[in-house]
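Report on the following structure.
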Amino acid sequence: MSDGNEAPPTVLVVDDDPRLRKTLELNLRARGYTPYLSDSGEHALRLVAHHHPGLVLLDLGLPGMSGLDVLRGLRGWTQVPVVVLSGRDTEQMKVRALDLGADDYVVKPFGMDELFARVRAALRRTAPAAGQGAVVETGHFTVDLAAQQVTRGGEQVRLTPRQWHIVEVLVRNRGRLVTQRELLREVWGPEYERETNYLRVFMTKIRQRLEPDPPRPRYFLTDPGLGYRFQEEGRPPGDAGGAG
Numbered sequence: 041m042s043d044g045n046e047a048p049p050t051v052l053v054v055d056d057d058p059r060l061r062k063t064l065e066l067n068l069r070a071r072g073y074t075p076y077l078s079d080s081g082e083h084a085l086r087l088v089a090h091h092h093p094g095l096v097l098l099d100l101g102l103p104g105m106s107g108l109d110v111l112r113g114l115r116g117w118t119q120v121p122v123v124v125l126s127g128r129d130t131e132q133m134k135v136r137a138l139d140l141g142a143d144d145y146v147v148k149p150f151g152m153d154e155l156f157a158r159v160r161a162a163l164r165r166t167a168p169a170a171g172q173g174a175v176v177e178t179g180h181f182t183v184d185l186a187a188q189q190v191t192r193g194g195e196q197v198r199l200t201p202r203q204w205h206i207v208e209v210l211v212r213n214r215g216r217l218v219t220q221r222e223l224l225r226e227v228w229g230p231e232y233e234r235e236t237n238y239l240r241v242f243m244t245k246i247r248q249r250l251e252p253d254p255p256r257p258r259y260f261l262t263d264p265g266l267g268y269r270f271q272e273e274g275r276p277p278g279d280a281g282g283a284g
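Quick note: the sequence shown, position 9, residue 49 per the working numbering, numbers continuous.
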């Protein structure tokens, strides 16, 4: 995973199953990662604050503090990518975790090859973009593609890694329709091409953070049934459509 000059990526495993923790630890080491291990949410939050891992593998079914509470606590101050591990394969639970800021959701039992493909994808999405110096300014916020951040009034707007990736894809394709399938494939992967509910949840959050009037978006527009587009100049106030 490292080119010899960089420290190996660090991954925090948060799971109360000692056998799974050990299995993940061995697989992480074999693939060049540095693992940290935790069996509780409270301990996990302390480890993240102290070690600043590159990624968190988070079980939802923890004793005491739940995995969702851990996720909520992390998103209060850090954008570290989080891949949820859960035995609950329901749309409602997936949407709750994603809505709270999870970057991916893997259902137990899972194959190690699939899990580590998800880990690599999450790390790629949050890695600094090389050679990208474009800064896009609107009347209400500025998108810096190189710094991977959005600012408004000189202050950074907090976005989760997944929210940022959606913004990045749309801004890089500004003025062009990005279909739902394209956006899902780029941000979540090819197996999520039909999960349009993910997009609705995340676009609502993005608009709440960036649009001057979220119910009537001016910049992040919807082409109903087709996809989304970023309009740099902004739709004039009062124009119909655009949300959804």
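By construction, the Cβ of each residue, glycine as well, lies at the ideal position given by its N, Cα and C atoms.
From residue 98 to residue 260, what distance separates their C-alpha atoms?
Locating residue 98 in the sequence shown gives position 58, counting from the first residue. Locating residue 260 in the sequence shown gives position 220, counting from the first residue. Cα to Cα, the separation comes out at about 31 angstroms.
Select from 204, 258 and 64 the residue whose C-alpha is nearest the C-alpha of residue 153.
Counting from one through the sequence shown, the residue named residue 153 turns up at place 113. Among 204, 258 and 64, the Cα nearest to that of residue 153 is on 64.
In terms of alpha-carbon separation, which member of 146, 94 and 117 lies closest to residue 123?
Position 83 of the sequence shown holds residue 123. Of 146, 94 and 117, the residue nearest in Cα terms is 146.
Quick one: give me the first and last residue of the beta strand (DSSP E) that residue 195 is part of.
The count along the sequence shown starts at 1 and reaches residue 195 at position 155. Start and end: 195-197.
Could you pull out every residue in the same chain whose Cβ sits closer than 7 angstroms to the Cβ of residue 112, ignoring the five residues on either side in sequence?
Counting from 1 along the sequence shown, the entry for residue 112 is found at position 72. Excluding residues within five positions, the ones whose Cβ falls inside 7 angstroms are 140.
Kindly give me the distance between the Cβ atoms of residue 162 and residue 143, rounded to whole angstroms, as I take these residues to be in contact under 8 angstroms.
To locate residue 162, count along the sequence shown from 1; it is residue 122. To locate residue 143, count along the sequence shown from 1; it is residue 103. Yes, they are in contact, since the Cβ atoms of residue 162 and residue 143 sit about 5 angstroms apart, within 8 angstroms.
Is the stretch 205-221 in contact with the stretch 124-131, if contact means three or more CB pairs nearer than 8 angstroms?
Taking 8 angstroms as the limit for Cβ pairs, the verdict is that the stretch 124-131 does not touch the stretch 205-221.
With residue 238 as the anchor, note down where its alpha helix (DSSP H) starts and where it stops.
One-based indexing of the sequence shown puts residue 238 at position 198. First-last of the alpha helix (DSSP H) with residue 238: 236-250.
Beta carbon of residue 85: closer than 8 angstroms to some heavy atom of the ligand ZN?
Absence of the ligand ZN from the depicted structure is noted, as is the absence of any ligand whatsoever, leaving it without description.
From 220, 94, 148 and 216, pick the residue whose C-alpha is nearest to that of residue 160; which is it?
By one-based count along the sequence shown, residue 160 stands at place 120. Measuring from the Cα of residue 160, the nearest candidate turns out to be 94.
How is residue 273 classed by DSSP in three states: helix, strand or coil?
For the purposes of this step, residue 273 is taken as residue 233 along the sequence shown, with counting starting at 1. In the structure shown, residue 273 sits in coil (DSSP, three-state: anything other than H, G, I, E or B).
Since residue 66 and residue 51 should fall inside the 8 angstroms C-beta cutoff, what is the C-beta to C-beta distance between them, to a whole number of angstroms?
In the sequence shown, residue 66 corresponds to position 26, counting from 1. In the sequence shown, residue 51 corresponds to position 11, counting from 1. In fact, because the Cβ distance is near 13 angstroms, the residues do not count as touching under 8 angstroms.
Using a Cβ-Cβ distance under 9 angstroms, would residue 179 count as near chain E?
Within the model displayed, chain E is absent; a lone protein chain is all it includes.
The alpha helix (DSSP H) spanning residue 82 covers which residue range?
Against the sequence shown, residue 82 aligns to sequence position 42. That run of the alpha helix (DSSP H) goes 81-91.
Here's the rule I'm using: 16 or more other beta-carbon atoms within 10 Å means buried, otherwise exposed. How should residue 89 be labelled?
Here the question's residue 89 lines up with position 49 in the sequence shown. That one is exposed.
For residue 252, tell me which candidate among 203, 206, 271 and 179 has the shortest Cα-Cα distance.
The residue labelled residue 252 in the question sits at position 212 within the sequence shown. Nearest option by C-alpha distance: 179.
Which same chain residues end up closer than 8 angstroms to residue 280 when comparing Cβ atoms and leaving out the 5 residues on each side of it in sequence?
Mapped onto the sequence shown, residue 280 falls at position 240. Here the model assigns residue 280 a pLDDT of 44, short of 50, so the residue's position is not dependable and the matter cannot be decided.
For residue 270, count the other beta carbons within 10 Å of its own beta carbon; 16 or more makes it buried, fewer makes it exposed. Which is it?
Position 230 of the sequence shown, counting from 1, holds the residue named residue 270. When all chains shown are included, residue 270 counts as buried.
Can you tell me which of 117, 107 and 118 puts its alpha carbon nearest to the alpha carbon of residue 126?
By 1-based counting over the sequence shown, the position of residue 126 is 86. Minimum Cα distance to residue 126 is reached at 107.
So which of 242, 203, 201 and 60 has the shortest CA-CA distance to residue 148?
Stepping through the sequence shown from its first residue, residue 148 is reached at position 108. Here the closest residue by C-alpha is 60.
Any idea if residue 134 is buried or exposed, counting beta-carbon neighbours within 10 angstroms, 16 or more meaning buried?
Within the sequence shown, numbered from 1, the residue matching residue 134 stands at position 94. Flag for residue 134 reads buried.
Cα separation between residue 57 and residue 86?
Working through the sequence shown from its first residue, we reach residue 57 at position 17. Working through the sequence shown from its first residue, we reach residue 86 at position 46. Roughly 19 angstroms separates the two Cα atoms.
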